[in-house]
Amino acid sequence: MLRLDKLTKTYKTGDQALKAVELEIPQGQVVALIGPSGAGKSTLIRCINRLVEPTSGKVWLGDTELTELGAGALRRERRRMGMIFQEYALVERLTVMENVLSGRLGYVGFWRSLTRRFPQKDVDEAFRLLDRVGLVHMADKRADELSGGQRQRVGICRALIQDPALLLVDEPTASLDPKTSRQIMRLICELCAERGLAAIINIHDVALAQMFVARVIGLRAGAVEFDGPPDALTPDVLTTIYGEEDWVATIDKVEDEEDTLDPEAVA
Amino acid sequence: MPVIETPEGPIWRRRTRGQAMARWFGWLLGLAAFLWCWSRISEATTWFFVRDAPRIAGDILGRALPPRWSYIDNLWWPIWDTLNIATLGTIIALILAVPVAFLAARNTTPSALIVRPIALLIIVSTRSINSLIWALLLIAIIGPGVFAGVIAIAIRSIGFCAKLLYEAIEEISATQVEAITATGASRWQVMAYGIVPQIAPAFAGIAVFRWDINIRESTVLGLVGAGGIGLQLQASLNTLAWPQVSLILLVILFAVVLSEWVSAKVRAAII
């Protein structure tokens, strides 16, 4: 369903964020992408919907090759890829409903979207989704009045109302407490199962990833270091993913290392 | 450097002896320059007039009070003109400033090499000339009257509004824009959903702030013939009609207080 073919990204500074990444994700599979900060996880998912332009390589979404598309065709393909962000990335001064409906922007003309006259079936779908995540009573609240977990649910609704085939999820739980993190991960995985969506989830918390996904991909310095089921993540594998040279670049990751090497988590 | 080793142990001073001397010498030079300037000003001043000032001021105040209240009937139109000059000028300035701001902001400009410098030039050039001077120029071009005042205020305000607005645009959160882009929204939709909501409070704040300033500025435009209450002020000053002057000043004060109150209300409402 999604296929990356020698996907490479070199930033202007000369940093090679992705080194010819090869990856194939079948329909309906939820994949966790782990690896230290700076390994290229964010770059990878942003190269798929071209928020970051890949330097070379190809991205196939179904039968469409994305890297060659012009602006209009790219916008149409972006509708098939819902994105969920670390800091929720809701438009703070718009209401919850407006935020959810903004997921339909790719389907609605400019004037209709400007005057907020979305088709009734979009509004119905927005209410259904908000009801599904338990926020229907918040529809008229402004996004900045919500708590972190609630905001992320709105972010999920915005991605799902696009009617996507694929979810690109960038650190969905990094700003949330442990309990809310689990709830959000559970919600994303349930919704993917309900709708048969494939998803790539960037995540720092290896234990959390193991709890919910069927396949884990370990990225290190822009290259796939591990690809397998969550059970196969042994301490040795984790050591190769979070290798010594990466600690220098990211001192913050010490905490993560402790998490991942926790025997309970790895077991 | 400030630590001085002595047999009893190190002593710490804020400055070394040399630094302290240099500072004292600097102060001495400054004081001398001030006194010299003072003496030059004193030589060029006719002290008789200055000594006379309190008496003259008292005299004018005496003549100006009480204000000639009946003159108010001649002021309704001019103050209405003044408010209109400020309001229309601000509206025109805002309409022109929005595109300039988007072209000038680093994150929305279509071309940082060509378009952005032009937008910045518009901002700098309109901002650097006082509205009174714009009015003088415009009176020569389009003749005296309210219209010249409106245009003068508008031109003067473009740069101010565009500068504050483009700074607000540069400070928006990029991830919100990214999120809207990721939905497949078009360029204009990204602007309407991702950028406009983020800068709306700044825009409203800038608009009332500039309107507030423009009310003050438009009260003096009449001095050069660009309409509004300044015209009456100048006429009254020229004929030494002090009771009228005091009434005009009171009316201006009232208008400014009113505009302060309105802009404070608006700003409180948008936060």
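So the sequences go chain by chain: V and R. Reading the first sequence from the start, the letters are residues 1 to 267 in full-length UniProt numbering. Reading the second sequence from the start, the letters are residues 1 to 271 in full-length UniProt numbering. In this text, a Cβ means the ideal position worked out from N, Cα and C, and glycines have one as well.
Exercise. Give the DSSP-derived three-state secondary structure of V/Ala214 in the structure shown.
Key: coil
* To do: Measure the alpha-carbon distance for R/Ser259 versus R/Gly58 and round it to whole angstroms.
  => 31 Å
Interface residues of chain V around R/Thr45 at Cβ under 7 Å? Per Cβ cutoff of 7 Å: no residues; R/Thr45 is ~58 Å from chain V at best.
*asked:* Mapping the DSSP letters down to three states, classify R/Gly89 as helix, strand or coil.
replied: helix
Q. Buried or exposed: which applies to R/Phe254, given that a residue is buried once 16 or more other Cβ atoms fall within 10 Å of its Cβ?
A. exposed
How should V/Glu171 be labelled, buried or exposed, when 16 other C-beta atoms within 10 angstroms of its C-beta is the threshold for buried? buried
List, in order along the chain, the chain V residues whose C-beta lies closer than 7 Å to that of R/Gly205? Residues of chain V passing the Cβ test: none, with the nearest at roughly 14 Å.
Problem - Check whether V/Val31 and V/Ile200 have beta carbons under 8 Å apart - result: yes
| request: Mark V/Thr13 as exposed unless 16 or more other C-beta atoms lie within 10 angstroms of its C-beta, in which case mark it buried. | output: exposed
- Under the assumption that V/Arg93 contacts V/Asp144 (Cβ atoms under 8 Å), give the Cβ distance between them as a whole number of angstroms. 7 Å
Under the three-state DSSP convention, the category V/Lys141 falls into
coil
- Item | Cβ-based neighbour list, V/Gly28, same chain, cut-off 7 Å, excluding 5 preceding and 5 following | Gly196, Leu197, Ala198
Let me know if V/Ala232 comes out buried or exposed under the rule of 16 or more other beta-carbons within 10 Å of its beta-carbon. exposed
Identity of the residue in V/Asp122, V/Asn99, V/Gln152, V/Lys121 nearest V/Val133 by Cα: V/Gln152
#### Entry: Short CB-CB distance (under 8 Å) between R/Gln232 and chain V
no
Per the DSSP calculation, V/Gly235 is bridged to which residue(s)? Here the sequence assigns Pro to residue 235 of chain V, which means Gly is not the residue at that position. Answer by DSSP bridge pairing: none, since V/Pro235 is not bridged.
| request: Could you check if R/Ser42 is buried or exposed, using at least 16 other CB atoms within 10 Å of its CB as the buried criterion? | output: exposed
So, under 8 Å CB-CB, R/Ala104 and R/Ile158 are touching, yes? Tell me the CB distance rounded to an integer number of Å. Not quite, the Cβ-Cβ distance comes to about 11 Å (not below 8 Å), so this is no contact.
* Going straight from the alpha carbon of V/Asp246 to that of R/Ala268, what length do you get? -> At V/Asp246, the pLDDT of 45 sits below 50, so the modelled position is not reliable; the number obtained from the coordinates is stated separately. Each residue's alpha carbon lies about 49 Å from the other.
Test: V/Ala89 CB closer than 8 Å to a CB of chain R
yes
Report task. Please report the residue range of the beta strand (DSSP E) in which V/Ile201 lies. Result -> 198 to 202
Problem set entry | Spatial distance of R/Thr90 from R/Ile215 (CA atoms) | 10 Å
Q. Does the Cβ-Cβ distance between R/Leu231 and R/Val245 come in under 8 Å?
A. no
Listing by chain order, which chain V residues have their CB less than 7 Å from the CB of R/Ser186? Arg75, Phe110
With R/Ala226 and R/Ile139 assumed to form a contact (beta carbons below 8 Å), what rounded beta-carbon distance in angstroms separates them?
6 Å
Among V/Ser181, V/Asp205, V/Val216, which one has its Cα closest to the Cα of V/Ser147?
V/Ser181
Within 8 Å (strictly less), CB to CB, does V/Asp246 reach chain R? Since pLDDT at V/Asp246 reaches only 45, below the 50 mark, its modelled position is unreliable, and no value is offered.
* Residues of the region 56 to 83 of chain V with Cβ closer than 7 Å to any Cβ of chain R, in chain order -> Arg75, Arg76, Arg78, Arg79, Met83
Exercise. Taking the alpha carbon of V/Leu7 as the point to measure from, which residue in V/Gly228, V/Lys41, V/Val100 has its own alpha carbon closest?
Worked result: V/Lys41
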